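Participant: My questions will all concern the structure given below.
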């Protein structure tokens with residue numbers, strides 16, 4: 164299976180079943196994609212990502228560093244865009260980190276979906292790995 168087929172099935176699933184008010188599945192996808200590259204994250208970033216995962220699962224979590232990392236990540240995203248370095252590995256990881264820390268009420272559909280597939284292409288995630296991550300995050304999605 165190739166990435167274009169996955170993207171098409173994913174888009175059709177979202178059109179039919181997904182509600183714009185529920186971005187938690189996207190946040191789980193961002194987190195899972197980041198964890199594939201956990202060795203490229205700082206210990207602080209990794210800790211915050213793991214705590215964010217707990218938070219989204221409804222588990223007890225420590226939110227130490229969430230706001231600080233979100234603000235820092237936002238500044239780096241802006242800097243990467245300004246310096247035209249947003250498609251470097253570091254830029255892509257930072258952008259996905261920023262997305263993983265978004266409030267659960269983000270409502271810009273493009274802002275939610277576009278980072279997933281751009282990241283997957285740039286970071287060379289296998290289609291099978293993406294399929295597994297998407298199907299685990301979005302209830303009822305079968306690709």
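In this note's numbering, the protein residues as written are 164 to 306.
Ideal Cβ positions, reconstructed from N, Cα and C, are used throughout, including at glycine.
Remember, predicted model here, so these are calculated numbers, not experimental data.
The alpha helix (DSSP H) spanning residue 257 covers which residue range?
Facilitator: Here the alpha helix (DSSP H) through residue 257 covers 252 to 263.
Participant: Can you tell me where the alpha helix (DSSP H) holding residue 234 begins and where it ends?
Facilitator: Start and end: 229 to 246.
Participant: Say whether the region 224 to 231 touches the region 245 to 258, bearing in mind that this needs 3 or more beta-carbon pairs closer than 8 Å, one atom from each stretch.
Facilitator: Counting Cβ pairs under 8 Å, fewer than three are found: no touch.
Participant: In the DSSP assignment, find the unbroken alpha helix (DSSP H) run with residue 214 in it and report its ends.
Facilitator: Note, residue 214: alpha helix (DSSP H), 206 to 219.
Participant: Looking at residue 196: is its Cβ nearer than 8 Å to the Cβ of residue 265?
Facilitator: Taking 8 Å as the Cβ cut-off, residue 196 and residue 265 do not qualify as a contacting pair.
Participant: Do residue 191 and residue 286 count as a contact pair if the criterion is CB distance below 8 Å?
Facilitator: It is not a contact, given that the beta carbons lie outside the stated cut-off.
Participant: When the Cα atoms are used, what is the spatial distance from residue 194 to residue 206?
Facilitator: Distance between the alpha carbons of residue 194 and residue 206: 15 Å.
Participant: In this structure, how does DSSP classify residue 303 when only helix, strand and coil are distinguished?
Facilitator: Residue state, collapsed to three classes: coil.
Participant: Less than 8 Å between the beta carbons of residue 257 and residue 243, yes or no?
Facilitator: Yes, they are a contact pair.
Participant: Assuming the contact rule is C-beta atoms closer than 8 Å, residue 301 and residue 176 should be a hit. Round their C-beta distance to whole Å, please.
Facilitator: Sure, about 7 Å apart at Cβ, within 8 Å.
Participant: Shortest alpha-carbon distance to residue 296 belongs to which of 189, 212, 184?
Facilitator: The shortest Cα separation from residue 296 among 189, 212, 184 belongs to 189.
Participant: Whose CA, out of 298, 284, 180, 263, lies closest to the CA of residue 211?
Facilitator: The shortest C-alpha separation from residue 211 is found at 263.
Participant: For the alpha helix (DSSP H) that contains residue 287, what are its first and last residues?
Facilitator: Premise fails: residue 287 is in no alpha helix (DSSP H) and is neither H nor E.
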